[in-house]
Amino acid sequence: MPIKLNDTVAKIPIYPQASTYDFGGPLVKMSSNESPFAPHPAVAEAITAAGRNVNRYPDPTGTAFREKLAATYDMAVEQLVLGNGSCEILLAGAQVLLQPGDELVYAWPSFSMYPHLAAMTGATPVEVPLTEDHSHDLPAMRAAITDRTKMVLICNPNNPTGTFVDHDLIIDFVNDVPDDVCVLIDEAYIEFVEGSERDGLLPLVIERDNVVITRTFAKIYGLAGLRVGYGFAPVAFKQAIDVVRQPFSVNLVAQAAATEALNHPDDVVERVMSTLAERQWVETELAELGLKTAATQANFSWIDLGGLDEDAVVDGLAKEGIVVRAGKALGAEGFVRASYCDHDDNQRFISALRALTA
Ligand SMILES: Cc1ncc(COP(=O)(O)O)c(C=O)c1O
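If you read the sequence shown in numbering that gives the first Met the number 0, its first letter stands for residue 0, the second for the next number, and so on.
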């Protein structure tokens, strides 16, 4: 008799994986919002050095890494939580907060993992449409909170639209939410926000017992392949997620690399500057092609194809070795999301798009 999977599995949506297409030449990978830059050389060295010790398990508490993060952000080490990617913190967070009958509120379209959190826990997803300018509708999200709501997700900047909600609005929102509702603010792209006080929401984690902020080393630090995320959270949240997941979830090489990456804030500044320059260039070129975009503050553009056939654009780009993310896989048809690469690759993308829109 074949094995019988439980009923929950069938309800979990399949995460839309980027296709890399069968292309002979060098790929332009604009589909996963990764960094086009390799890690800092000192980080690469830390990876090699740590690789010599992988006969040992990693520190399950990640203490040295958490202490480094705590010192960097002036937070109590007890409030630092680590994850095998920030995805793991999201998933474990849902596991400790949600059960069937509870409600999970989030904007839509937003990060494709969010529907998983409801599906895997049996909670009810409450998807609040973005505003016309592709931004979070915080008043509508507040109105969607009921006495069954246990968790609210705010993705800032939002994936896939790149839009950013001002911190003042989020602070007002959080202050208006009942104390027993967890507000998780996903700041995977916060480093790319121009001119903002990047760490402006961290005081909320200290002042309140219901706010979690997650971040990642996958984007700005160029460590997507190592899977390492972190968060600032109430102590009770941190302790609970440590209970539900496996003890060694952040591996030894990942801990060493991310700890070393924190020694190079100048490198982060350079990476940000380069991304902002490419963002400006790509957005200007898209406007010249007559394509509208959302007001992005991230390392990708959300492009309204203005009636062009989405499949034709995605496939046409793929034929040139350029992989973008189709809007319909992300919750909105007629759009594509493209992450910035280095300038040459961005030029290849714009030239190919020009040919397709001509
Ligand atoms: C909004 C958002 N949050 C979290 C993640 C996951 O990051 P990680 O690689 O740290 O799991 C992503 C990755 O694309 C993302 O877009």
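All residues carry an ideal CB built from backbone N, CA and C; glycine is no exception.
Cβ pair residue i, residue j closer than 8 Å
i: V127; j: A139; result: yes
i: F163; j: V192; result: yes
i: N32; j: K218; result: yes
i: L168; j: L137; result: yes
i: R214; j: A91; result: no
i: G358; j: V252; result: Past the boundaries of the shown model lies residue 358; the chain is included only from 0 to 357, so the question cannot be answered.
i: A331; j: V95; result: no
i: Y72; j: L203; result: no
i: I212; j: F236; result: no
i: A93; j: T120; result: yes
i: M29; j: S248; result: no
i: A357; j: G221; result: no
i: A255; j: I88; result: no
i: T160; j: W301; result: yes
i: Y188; j: L68; result: no
i: V42; j: E190; result: no
i: G320; j: V27; result: yes
i: D308; j: L290; result: no
i: L329; j: P15; result: yes
i: V180; j: N209; result: yes
i: N157; j: A122; result: no
i: E206; j: R147; result: no
i: D341; j: P35; result: yes
i: A257; j: F216; result: yes
i: P57; j: N298; result: no
i: R141; j: D175; result: yes
Buried/exposed call for residue i, threshold 16 Cβ in 10 Å
i: P99; result: exposed
i: K149; result: buried
i: T274; result: buried
i: V335; result: buried
i: T283; result: exposed
i: I349; result: buried
i: K318; result: exposed
i: V8; result: exposed
i: D344; result: buried
i: M74; result: buried
i: E287; result: exposed
i: L4; result: exposed
i: D171; result: exposed
i: P246; result: exposed
i: E186; result: buried
i: P25; result: exposed
i: I2; result: exposed
i: A351; result: buried
i: F84; result: According to the sequence as given, residue 84 is Gly; it is not Phe. So G84 counts as buried.
i: P233; result: buried
i: V268; result: exposed
i: G61; result: buried
i: V322; result: buried
i: A325; result: buried
i: V173; result: buried
i: V53; result: exposed
i: R55; result: exposed
i: R353; result: exposed
Beta-bridge pairing of residue i - partner residues as DSSP gives them
i: L103; result: P124 and M150
i: Y14; result: According to DSSP, Y14 bridges with nothing at all.
i: F231; result: L79 and I212
i: K237; result: BP columns for K237 are empty, so no partner.
i: K28; result: V322
Check: residue i C-beta below 7 Å from any heavy atom of ligand 3
i: F64; result: This structure simply doesn't include ligand 3; it includes ligand 1 instead.
Meets three-Cβ-pair contact criterion under 8 Å: the segment 100-115 and the segment 152-162: yes
Beta strand (DSSP E) runs contained entirely in the segment 262-348, provided each spans 3 or more residues: The DSSP assignment places complete beta strand (DSSP E) segments of no fewer than 3 residues inside the segment 262-348 at 299-303 and 334-338, in order along the chain.
Given 8 Å, three or more beta-carbon pairs between the segment 261-268 and the segment 311-327: Taking a contact to require three or more Cβ pairs closer than 8 Å, the segment 261-268 and the segment 311-327 do not qualify as touching.
Inside the segment 149-217 only - alpha helix (DSSP H) runs reaching at least 4 residues: 166-175 and 201-206
Segment contact flag, the segment 288-297 with the segment 77-88, C-beta cutoff 8 Å, min 3 pairs: Not touching, per the Cβ criterion.
Stretch pair the segment 197-206 + the segment 333-352: three plus CB contacts closer than 8 Å: no
Minimum length 4: unbroken alpha helix (DSSP H) runs contained in the segment 43-78: The segment 43-78 contains these whole alpha helix (DSSP H) runs: 62-72.
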